[in-house]
Amino acid sequence: MRILLLSCLALFSFGSSAASQSHDSHKETMGSLLEECLTPTALPSVHCGRTPTAVFGTNGDLYVVYSQHGHIYLTISSDQGKTYQIPSVVNRIPEVIYDDGENRPKIAPGKHNEVFVSWTHKTTGRYSGEVRFARSLNGGETFDTPMTFSSDNSLISNRFETMIVDQQGRIFLVWIDKRDREAAKKNNRSYAGASIYYAVSNDSGGSFQPSRKLADHSCECCRIALDIDNSDRVVALWRHVYPVNMRDHAISYVIPGSLPIETIPTRASDDGWQIDGCPHHGPDLSIDSKDQAHMVWFTQGEKNKGLMYGRFDFENKQTLLLRSIDDSPMAARPQVQVFDDKLYLMWKRFNGESMDLLLSRSDDEGQSWSTPEPIASTNNGSDHPDWVGTSQQLFASWHTQSEGLRLIPVIQ
Amino acid sequence: MINKLTVGLVLAMWFSSSIAGAKLKAFRAGSINEISAERNGQSFMVVLWSVDCPPCIKELAHLQQYRNRFSRTSLVLVAIDGQQYSDTAQEILYDNQLDAMDNWIFTGSMPERLRYAIDPAWYGELPRAYFYDQAHQRVAYSGALTQPMLERWLKQ
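Read top to bottom, the protein sequences are chains A and B.
First residue of the first sequence: 4, per the numbering used here; consecutive thereafter.
First residue of the second sequence: 1181, per the numbering used here; consecutive thereafter.
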């Protein structure tokens, strides 16, 4: 008889602040350890704030959003993160913001000096929130009043939003939504996991079309990964709940106006991870010039354990290549990036003394990977790492309690 | 009216102080050895849990049924959430009548260090239990503890 493994993975990111506001004093002790950040009157900065998320604009400036004192701030650096300008406030009214590694503000530059920002506001009740969006039409100097993507009942959770702007300039927001789960509950029906919804703006964030469902039965609390293929189609990869409680991954196009039947998700990973709980550990995705999807994820399945890499082929609708990247119990948070037809993979691994950020490269579309090399290290808490780059440069961006936000050059 | 209010207030204060009374101990890198040293020659069980893990909450409810057969020495509960969840963890332990057990909560900026100190081979899955025998040889178990497992353990 098969043993049902009832387990869930802990949120091993530093200083999750998903608790209520009354826990602020504790939260501060979990924040940055830099001297400049330790006073209660510390000014907002990328180093003192939480979960900074960066992107290069078309002009080569680095735009960073982060969460601090209930605000989302935007700051700009013209020297690749050495110095930052005085930040602007995205949300004028402070609120409780989800700012753990898995749930963080997102930023995307528009084509005409716009800056788009999204985040999740924590609402009353455990595990509940609503997705917010705000835009700037003047390069981030000022922001319009934030919009909220709530379901009919704001106590229904919409969280883990992610955002991407396609080549046409359409803004896609994709998130994990519990409206179908709640509806099933009211009718005394069971519903596995949550669902994936999305909304699209065709007018640079002036308005969004009504939200639509992408898929039923996603995992409840793992971030979604998005990328765009060479035909300007948005692709989403997320942790799904396959029967029964099998938390492997699903991949799908996000096509505005399509019916859910037209974008039925395809299984992208089959590790056999049966778990009654949410791993808080979402995948990452990067699409190459041949439209192959390069995917990385964490699993504890019966077939595979640790960090995995997979290459998904849309024509065959299956993952044709699978590699174990790091099966150490201390390896976590993999990020993959295609750059000049090479693949770069980074992840965190605790070595018994400190936390290393490791880098590995593949020159043959994921068949073989170089021996991992540490590119940075820290002795205290650390955020998820992320890629940030231009067409010529690639950096690893990593926020750590002792060092603040670092941009570590990978390709220069 | 005033009397009723006063009684209500006193009751409320007593209630909140009884929750606050069961403070969780700060779990640091050396704590697992400390826990073991305090129980020299004795068998005991360590259960790791989180406020954010629904199967863990079910596990606590399950352990509640056995609470009279455990003592503060034989059952150690460690919440891996970090100090900012201390109040929530205490409320959950109180609700499950496990607040009198030896309760700890992860402390410090690097939970990975604590996870490594407990067991470098642990992927972080919860619930997770360690059964220590009298010689402190231990067996790890991931997933919800079953009734036969607990019965077997308690009969030892």
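Glycine included, each C-beta is placed from N, C-alpha and C at the ideal position.
In the three-state scheme derived from DSSP, where H, G and I count as helix and E and B as strand, tyrosine 347/A is classed as strand. Ranked by how close their Cα comes to the Cα of cysteine 51/A, the residues Ile414/A, Phe119/A, His402/A and Gln415/A have His402/A in first place. Lysine 85/A is not bridged by DSSP to any residue. Annotation: glutamine 396/A to aspartate 279/A spans about 41 Å, alpha carbon to alpha carbon.
The DSSP-derived three-state label of leucine 1240/B is helix. Annotation for glutamine 170/A: no alpha helix (DSSP H) segment contains it, and DSSP assigns it neither H nor E. By the C-beta density criterion, methionine 333/A is buried, having at least 16 other C-beta atoms within 10 angstroms.
According to DSSP, asparagine 1283/B shares a beta bridge with Leu1257/B.
The Cβ atoms of isoleucine 199/A and alanine 228/A lie no closer than 8 Å to each other.
Within the same chain, and ignoring the five residues on either side of glutamine 1314/B in sequence, the residues whose Cβ sits closer than 8 Å to its Cβ are Gly1221, Gln1222 and Ser1223. Against chain A, the CB of tryptophan 1302/B has a partner CB under 8 Å away; the residue lies at that interface. Residue contact with chain B for glutamine 303/A: present (Cβ-Cβ distance below 8 Å to some residue of chain B). Within the region 246–287 of chain A, the runs of beta strand (DSSP E) that reach at least 3 residues and sit entirely inside it are, in chain order, 252–257. By the Cβ test, the region 166–177 of chain A is in contact with the region 96–112 of chain A, since at least three Cβ pairs between them sit closer than 8 Å. Among the CB atoms of chain A, none fall inside 8 Å of the CB of glutamate 1331/B. Burial is judged here by how many other beta carbons sit within 10 angstroms of a residue's own beta carbon; glycine 285/A has at least 16 and is buried. In this structure the region 1275–1288 of chain B touches the region 1247–1261 of chain B; the number of beta carbon pairs closer than 8 Å is three or more.
The secondary-structure analysis by DSSP pairs serine 363/A across a beta bridge with Leu348/A. Contact fails between the region 94–110 of chain A and the region 38–50 of chain A, because fewer than three Cβ pairs, one in each stretch, are under 8 Å apart. The beta carbon of phenylalanine 353/A sits closer than 8 Å to the beta carbons of Met333 and Asp359 from its chain, once the five residues preceding and following it are set aside; these are given in chain order. Arginine 236/A carries a coil assignment under DSSP once its states are collapsed to helix, strand and coil. Cα atoms of aspartate 230/A and glutamine 1277/B: separation of roughly 48 Å, rounded to the nearest angstrom. When Cβ-Cβ separations below 8 Å define contact, methionine 1225/B makes no contact with chain A.
Glycine 355/A places its beta carbon 8 Å or farther from that of aspartate 330/A. The Cβ atoms of phenylalanine 136/A and methionine 150/A sit closer than 8 Å to each other. Glutamine 404/A reaches chain B at Ser1289, counting residues in chain order whose Cβ is nearer than 8 Å. If you look at alanine 187/A, you'll find it in the alpha helix (DSSP H) that goes 182–189. Residue environment: isoleucine 89/A is assigned as exposed (fewer than 16 neighbouring CB atoms within 10 Å of its CB, all protein chains considered).
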